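Below is one structure, written out as structure tokens; the observations come after it.
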Amino acid sequence: MEDFEFECWDCWETNYIKGRPKGFWTTTHYELPGKWNCWSCGAVNTTPDD
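Just so we're aligned, residue 2 is where the sequence shown starts under the numbering used here, counting upward by one.
In structure tokens, the structure reads:
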């Protein structure tokens with residue numbers, strides 16, 4: 002598991018989202034949740050496709 006930083010669209014607070022490797026041997030491709038809640042304001046955010 003690796004942490005990724007995203008900013009909330011509503012309050013601009015930094016959120017750390019955990020991603021898990023997509024394959025057994027890969028360390029460059031991670032699966033992230035499509036939506037997550039900001040820890041500070043509770044707004045629903047979406048993970049960018051990039």
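Backbone N, C-alpha and C fix where the C-beta goes; we use that ideal spot for every residue, glycine too.
Note that the structure is a prediction, hence the values are computed from the model and not measured.
Check	Outcome
Excluding the 5 residues flanking Phe5 on each side, which residues of the same chain have their C-beta closer than 6 Å to its C-beta?	Ile18 and Gly20
If we call anything under 8 Å between Cβ atoms a contact, is Pro34 one with Thr48?	yes
Going by DSSP, what residues sit across from Trp37 in a beta bridge?	Asn46
Which residues in the same chain as Cys42 place their Cβ atom closer than 8 Å to its Cβ, once the five residues preceding and following it in sequence are excluded?	Cys9, Asp11, Cys12 and Glu14
How big is the Cα-Cα spacing for Glu32 and Met2?	10 Å
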